[in-house]
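Residue 67 in full-length UniProt numbering sits at position 67 of the sequence shown; the count goes up by one each step and never skips.
Even glycine gets a Cβ: it sits at the ideal position worked out from N, Cα and C.
Remember, predicted model here, so these are calculated numbers, not experimental data.
One structure below.
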Amino acid sequence: MTKKKVQTPAVQSLDPLANTKPTPGCKVCSALYKQWKAFSNPYSPDYDPSKATDRAVEMRRHSHGEAK
Ligand SMILES: [Zn+2]
1 MTKKKVQTPA VQSLDPLANT KPTPGCKVCS ALYKQWKAFS NPYSPDYDPS KATDRAVEMR
61 RHSHGEAK
């Protein structure tokens, strides 16, 4: 079973991009962060705000290997 595109209503009213930070030592987060930077940079050829948001959300939800 995969659960992608799950709606999480009213979890936070803040812009997810406001808190985008990779967790130190987490390779997945650092990879996501690199993509987020490329997607969120208007001067980048990869600029794509909706993808940037996806990466930011993914990073926020990532359990950094602490999940069982
Ligand atoms: Zn992580």
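Chain-order list of residues whose beta-carbon lies under 8 Å from that of residue i (same chain, five-residue window excluded)
i, result
"residue 62", "23, 26, 28, 29 and 32"
Backbone CA spacing between residue i and residue j [nearest angstrom]
i, j, result
"residue 60", "residue 37", "15 Å"
"residue 64", "residue 55", "14 Å"
"residue 49", "residue 21", "16 Å"
Residues near residue i by beta carbon distance below 6 Å, same chain, minus five either side
i, result
"residue 52", "36, 39 and 40"
Which of helix, strand or coil DSSP assigns to residue i
i, result
"residue 54", "helix"
"residue 29", "helix"
"residue 63", "coil"
Close-in-space but distant-in-sequence residues of the same chain around residue i (CB under 7 Å, 5 per side omitted)
i, result
"residue 58", "32"
"residue 44", "38"
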